[in-house]
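If you read the sequence shown in UniProt numbering, its first letter stands for residue 1, the second for the next number, and so on.
C-beta: ideal position from N, C-alpha, C; glycine also.
Everything below concerns the one structure shown next.
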Amino acid sequence: MIRKVGYQQDCACGTKSNLFKEISIDYMGKTCSMDPEKGFHEVHIEDNIEVILCKRKIELYNDVVEEREDFTVEAEVLREVTSTKNTILHVAAKSGNMKIAKKIIDFDPSLLHERNSKGNTPLHIAASLGHLDMTNFLLSQHQHMTVPLLMIKNENNETALHDAVRNGHNEIVKKLIEKCPSLTSLRNKDGESPLFMAVDRGFFDIATHILDIEECREYKGSKGMNILHAAAIRIDKNFMEKVIDKFPKAITEEDDFGWTPLHYAAHFGEVELVKLFLDRDISLAYKQNNEGMCALHISAKKGRVDVMGMFIERCPYTCQLFDKSHRTALHLVAESGHTKALKVFFQNRKFAFRDLMNEKDDEGNTPFHIAAANGHYALLMSLADVRRMGGAVNKKGESILDIIQADSQLMEDEKKIIMSNLERHNVLWSLETMVDRQTIKVKNPKAGGTGAANSSEENGKKDKEDDNMKAKEEKKDDIKDLANFNLVVATIIATVTFAAAFQVPGGNGGDGLANLREKGSFVKFLIYDSLAFGFSAVSIFANFAYPFLAKVTRITYPIMLSLVLTEFSLICLVLAFIEGTRSVLTENSWLPEVVYASLFPISFFLVRPIIVRKTFLYSSRKLPWYL
1 MIRKVGYQQD
11 CACGTKSNLF
21 KEISIDYMGK
31 TCSMDPEKGF
41 HEVHIEDNIE
51 VILCKRKIEL
61 YNDVVEERED
71 FTVEAEVLRE
81 VTSTKNTILH
91 VAAKSGNMKI
101 AKKIIDFDPS
111 LLHERNSKGN
121 TPLHIAASLG
131 HLDMTNFLLS
141 QHQHMTVPLL
151 MIKNENNETA
161 LHDAVRNGHN
171 EIVKKLIEKC
181 PSLTSLRNKD
191 GESPLFMAVD
201 RGFFDIATHI
211 LDIEECREYK
221 GSKGMNILHA
231 AAIRIDKNFM
241 EKVIDKFPKA
251 ITEEDDFGWT
261 PLHYAAHFGE
271 VELVKLFLDR
281 DISLAYKQNN
291 EGMCALHISA
301 KKGRVDVMGM
311 FIERCPYTCQ
321 LFDKSHRTAL
331 HLVAESGHTK
341 ALKVFFQNRK
351 FAFRDLMNEK
361 DDEGNTPFHI
371 AAANGHYALL
381 MSLADVRRMG
391 GAVNKKGESI
401 LDIIQADSQL
411 MEDEKKIIMS
421 NLERHNVLWS
431 LETMVDRQTI
441 KVKNPKAGGT
451 GAANSSEENG
461 KKDKEDDNMK
471 AKEEKKDDIK
481 DLANFNLVVA
491 TIIATVTFAA
501 AFQVPGGNGG
511 DGLANLREKG
521 SFVKFLIYDS
531 LAFGFSAVSI
541 FANFAYPFLA
551 KVTRITYPIM
561 LSLVLTEFSL
571 ICLVLAFIEG
581 TRSVLTENSW
591 LPEVVYASLF
601 PISFFLVRPI
611 IVRKTFLYSS
621 RKLPWYL
């Protein structure tokens, strides 16, 4: 047994460099080894004749590895194998040197059929590495044995054709099929045919060639898939048309998960492929996978708007199909949160199934419940605009408002914003939430202390409610104080900016026009001053509107708006000061730049909390833009 430690590589000069650190041979129970630099040495070998024989075996393998065409073949060493059971012909096949391979085969043709530890013949190796000349040479040897050689399978039940297809060697594939067309119908251990392997790896030129072979009758792959499943994933419409023409049954076949090729086309949103499948067999739209999902369910879950529109237009009754959890496609849209996908349902004139909006799944959840449970509040508002939600509850007794109230990721202000909008759509709380049931239990003599325990529990509950009410009142007072302070600041800014519009830098001329009106910095001053005045004026108006809106909507939105506007007006006020100062100074003055440099970090800390909070609300929690 020969063991090689190391590897071989091509040098920059084009010669082969032997990087084997050590080659060892097990021979008749004894071990010898040789370092290429230090020469041969033996370990536990007593017979000098055996030492010489082992040395010759190592030299022979090195001659093949280094492609020395002047090497000589010796019968004693020719059938030795490496630790992976590669024969000397396997090594020659890896190198691609046909002259060396010819010497070996001329001496012992039976090596053509020898297999290594993985069951690969030299032909497997040549085909997998893309050695076309070596492949042709091996096939040309012993013509009467060519077909058996081509049909030899490795431990994965693969022929040389499988290896050539896997690695995309088109010319070798053509040569192997030319010699034995029936190879195209053999499947490996995973159930993959050469045709399926080519499509799976995106080698459509190879796949087209195999498909054109008349003897090709096998198109199945792993996990119950066929080439149409793979082509729908790899996406090649022209190839799929050829496949359907040759294997029409493939379009209706399901894989181990119950998915047809149409399911995969819908999953990836390939409108052209979906149209192709529906044109061939419209009933495919109603096929359901192992989870009970049809292709519309799949496209709705992924938010494939164009595909959904095609299904609703051509197969409208797919909207009424339920999966194994008794969910419609509308439930899956609510779960995924794709607002555009929701619009497809209601913009289509053929969608006459609005009653499905109140359809409940196995847990009693309507699409409204699912949207609320997943935090898709923008989609929830869109649903509310289409149909009245009412007080529908699931099997847990939860209404939509109950689910929102229980959302720990929402702040109280955010909950008020959402719920106040929903209440305008007549969304109701559950009865359990509306009515505080206080059951008075009669003391059982055999279970002493029950009445006292109930009384203690009720007192604790009442104390908790009192604490909550107190906290709400304190928060309301804080909001009022903040509103008053903001009103004072906004009023001061409005007053200052109003006065600055008439008492401009540089003064006015005899005609009443500003003396510096031709300077660009003066124009910027007027722009920033006007913006500051406008923001502060709107902020004041929002403060005045707060008492009225708070009674109607029970939200703090006006205060939030006024705070933001005041911050913007303050920033514009500083910018107006800078440009006004610049207009009355020389062009080389450095003062405005210093003020500008200090303004940016201040503005960042003022605006950052707003940006972070709104980003969380609108992207993470998916609130409507207008809340």
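Nearest CA to the CA of residue i: which residue from the options?
i	options	result
E215	N156, P194, D200	P194
K237	G269, H369, L273	L273
A285	E414, P316, V305, F257	P316
R304	E313, N290, E270, T318	E270
A232	D256, L276, T208, K249	L276
K99	L211, M134, A542	M134
L112	N156, D361, A92	A92
Q141	I227, K103, D245, E241	K103
L139	R115, I172, T184, N156	I172
F533	S325, F522, V496	V496
M293	H263, R115, V165	H263
K302	N374, S336, N170	S336
G375	E398, S382, D407, I244	D407
F346	S382, D481, L278, K85	S382
N86	D106, S95, R115, P109	R115
A334	E313, D361, M419, T318	D361
L330	E313, M310, F368, E363	F368
D137	L321, K179, V243, T339	A small correction: the amino acid at residue 137 is Phe; Asp does not occupy that position in the sequence shown. Ranking L321, K179, V243, T339 by Cα distance to F137 puts K179 first.
I312	F535, H297, D323	H297
Could you please give me the residues that DSSP links to residue i through a beta bridge?
i	result
A514	N508
N86	For N86, which the question treats as bridged, DSSP gives no partner whatsoever.
State the Cα-Cα distance for the pair residue i and residue j, rounded to the nearest angstrom.
i	j	result
A384	V427	9 Å
H124	Q288	42 Å
S117	N97	22 Å
A500	F525	10 Å
I152	A160	8 Å
V344	T252	27 Å
S620	L410	Unreliable placement is indicated for S620, whose pLDDT of 41 sits below 50; no coordinate value is reported for it.
I479	P558	11 Å
K249	L149	33 Å
S283	L380	33 Å
P122	A198	22 Å
I417	I400	14 Å
L132	D245	32 Å
K55	A164	The predicted model places K55 with a pLDDT of 49, which falls under 50 and marks its position as unreliable, so this point remains unresolved.
T339	K395	26 Å
G191	S222	5 Å
Y377	I206	50 Å
P261	L186	23 Å
I'd like the list of long-range same chain contacts for residue i, defined as Cβ closer than 6 Å, with 5 residues on each side in sequence excluded.
i	result
D200	A230
F204	D236, F239
N358	T366
G224	D255, D256
T566	N486, V489, A490, S539
A392	T366
V209	Looking at the sequence shown, residue 209 is not Val but His. Here the set comprises nothing.
N226	Y219, K220, A250, E253
H169	G130
S325	D361, D362
A537	A494
Answer yes or no: the CB of residue i versus the heavy atoms of the ligand COA, is any distance below 7 Å?
i	result
R187	In the structure on display, the ligand COA does not appear, and there are no ligands present to speak of.
Give me, in chain order, the residues of the same chain whose beta-carbon lies closer than 8 Å to that of residue i; leave out the 5 immediate sequence neighbours on both sides.
i	result
S182	E215
G506	A514, N515, L516, F522, S583, V584
I177	L161, L183, T184, H209, I210, I213
With a threshold of 7 Å on Cβ separation, who are the neighbours of residue i within its own chain once the five nearest residues in sequence on each side are excluded?
i	result
Y528	C572, L575, A576, E579
I540	L487, A490, T491, A494
V307	A266, G269, V271, V274, S299
N167	S128, G130
I423	First, the amino acid is wrong: residue 423 is Glu here, not Ile. Here the set comprises nothing.
H162	N188, P194, M197
L531	C572
F370	With the sequence shown as reference, residue 370 is identified as Ile, and Phe is not the correct amino acid for it. Answer for I370: H331, A334, E335, listed in chain order.
Counting only beta-carbon atoms, is residue i nearer than 8 Å to chain B?
i	result
N394	In summary, chain B is missing from the structure at hand, where a single protein chain is found.
Exercise for the section: Could you pull out every unbroken alpha helix (DSSP H) segment of at least 4 residues lying fully inside the segment 189-240, listed in chain order? Expected result: Listed in chain order, they are 194-200, 204-211, 227-234.
Problem - Runs of alpha helix (DSSP H) lying entirely within the UniProt repeat "ANK" (118-140), each at least 4 residues, in chain order - result: With a minimum length of 4 residues, the continuous alpha helix (DSSP H) runs that stay inside the UniProt repeat "ANK" (118-140) are 122-129, 132-140.
Handout entry: alpha helix (DSSP H) runs contained entirely in the segment 297-358, provided each spans 4 or more residues
Key = Qualifying alpha helix (DSSP H) stretches, in chain order: 305-314, 329-336, 339-347.
Problem - Segments assigned alpha helix (DSSP H), at least 4 residues, entirely inside the UniProt repeat "ANK" (156-188) - result: Counting only runs of 4 or more, we get 160-166, 170-179.
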